[in-house]
Structures are given as C-alpha cells and as structure tokens.
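All residue numbers for the sequence shown refer to my numbering, where the first residue is 1 and numbers rise by one. Where is the CB? At the ideal position from N, CA and C, for every residue including glycine. All values derive from a computational prediction rather than experimental measurement.
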Amino acid sequence: MNVFLSLLTIHCHAPHPDRVPALQLKNEIKTRTVMTDESPSSIINSALRTYPLSAAGELPRSDGLSLTIRRQRTTETVDVNGRLPEKLRKMYRDEDFILHEDKKLIIFTTKTNLSILKQNKHWFVDGMFKVCPDDYYQLFTLHAMMTNAIIPLVYGLLIGKSNGDYNQFFEKLFEQDNFQPESIMTDFESGTIKSVKGTLPNVLHKGTF
1 MNVFLSLLTI HCHAPHPDRV PALQLKNEIK TRTVMTDESP SSIINSALRT
51 YPLSAAGELP RSDGLSLTIR RQRTTETVDV NGRLPEKLRK MYRDEDFILH
101 EDKKLIIFTT KTNLSILKQN KHWFVDGMFK VCPDDYYQLF TLHAMMTNAI
151 IPLVYGLLIG KSNGDYNQFF EKLFEQDNFQ PESIMTDFES GTIKSVKGTL
201 PNVLHKGTF
C-alpha cells in the first residue's frame, strides 16, 4: 500500500539532555567529513540545524569544530588493503561503526543505533548524491523518530541507485536483527521504491515529494 505525502526531506538530529547533544554533534560532523566532500561551513551548518537550544551551553566553539574537520581530513582515509583505518571505525564510546565494508557498499552504524532502529516502527530513508566521495555514487541514510525528532541511524555509501544496490543495503541490515517496521517513507527514486516493496512487502510505503 502506498501513501504519498508532501513533506520536506529531513536531515535532523535528536535533542538530548546534558552533554550528549554536543558529543553527537561532533560525531555527526566527523561522519560527514569522512563520507562527503562538503565544505567545512556546509558540514557545520547542517549539523547545527537542529541542535537543541536547551544544550546551547555545551555547544563547541565554531573554530573548534572547523579544527575537527581539518584534522579528520588530514587523517589517512584508507589502509594498505584499501579499507578504512581503525581510527575511523570507532565512535566516541569505542563502539564499532562499520557494519559492512566492500568495494560496492559500506554501511556505517552502531549496535546502539540498531537497537533504537528496532524499537521504532516508522522509518525514513534519503539519498544524497552531490556530497558523496568519488568512489561511490550516493550517501544513503536510514532515519527513525527519537525524542520528537528524526535522526539518522544508518549510513550507506552505495556505488549506484539500482534496485540491486538498495537490496544489498537492506539485506545486510536485516542480517543484524529481526526488524519489523510498520511504515517506511522514501522519495520517488524508482530503485528505492522497488527495493522497499521487494524486501519489505508487508510494510506501508509512504512517498514524499
């Protein structure tokens, strides 16, 4: 069953108490730095777009965030085997951040993110094509609702936008747990829609302009 809604594409992050938002902000900036070719100002502005006002006192200085980006981009991006180095495979709590990695697909997420995803019954996906590293075609993201905001939980670097590319992403994801979403919202990319209908036949599909 398809439902078509006219909504804006969502790129936002969940507000959290205390210092957690600042830590998540830094992680989001590091992730976008590694996975995209965006300018530092664009990365910072995107990450700050939904930073909670309640945590303004913990907001890092802009020059500090810019330094984080410069340091991240001067880091070696691959090892001798063509894989991401160990320093880029961990989050701030030392959680593994690489779910799957080969020449056709890299999936970034953590066990914590997958646990949050499993608890959520309504998913949102998005594809970004202009900010992707040269070796890949798009950055594909899977989001869910948390604390009244929609946050990205799984990131995928895909080499294309075919049905097969999206199928591989979802197959690797569903190998991790028995996810049972009730609905999933996508744009009108034909490959995404075919993949969702094929891999999630009993899930309500919603289209967004």
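Residue i classed as buried or exposed, judged by whether at least 16 other C-beta atoms fall within 10 angstroms
i	result
E28	buried
S195	buried
G57	exposed
D126	buried
L7	Note that L7 has pLDDT 42, beneath the 50 cutoff, so the model's placement of it is unreliable and the number below is only indicative. It counts as exposed.
K130	exposed
T186	buried
T141	buried
K103	exposed
H13	Model confidence at H13 stands at a pLDDT of 45, short of 50, so the residue's coordinates are unreliable; what they give is reported in the following sentence. So H13 ends up on the buried side.
T192	buried
P21	buried
N178	exposed
L53	exposed
Residue range of the unbroken beta strand (DSSP E) whose run includes residue i
i	result
S183	183–186
E101	98–101
T208	204–208
Supposed contact pair residue j and residue i - C-beta distance, whole angstroms, cut 8 Å
i	j	result
L153	A144	6 Å
M91	T68	That belief does not hold up - the Cβ atoms of M91 and T68 are roughly 14 Å apart, past 8 Å.
F108	I98	6 Å
G207	F188	6 Å
S46	R61	Not quite, the Cβ-Cβ distance comes to about 18 Å (not below 8 Å), so this is no contact.
K121	P181	6 Å
Residue(s) in a DSSP beta bridge with residue i
i	result
F108	I98, Y155
F179	None, per the DSSP bridge assignment.
K90	D96
F124	H143, M185
Extent of the continuous alpha helix (DSSP H) to which residue i belongs
i	result
R32	20–35
K197	190–199
E171	163–174
P40	40–48
Item to check | Entirely enclosed beta strand (DSSP E) segments - the stretch 126–155, minimum 3 residues | outcome: Whole beta strand (DSSP E) segments, 3+ residues: 138–146.
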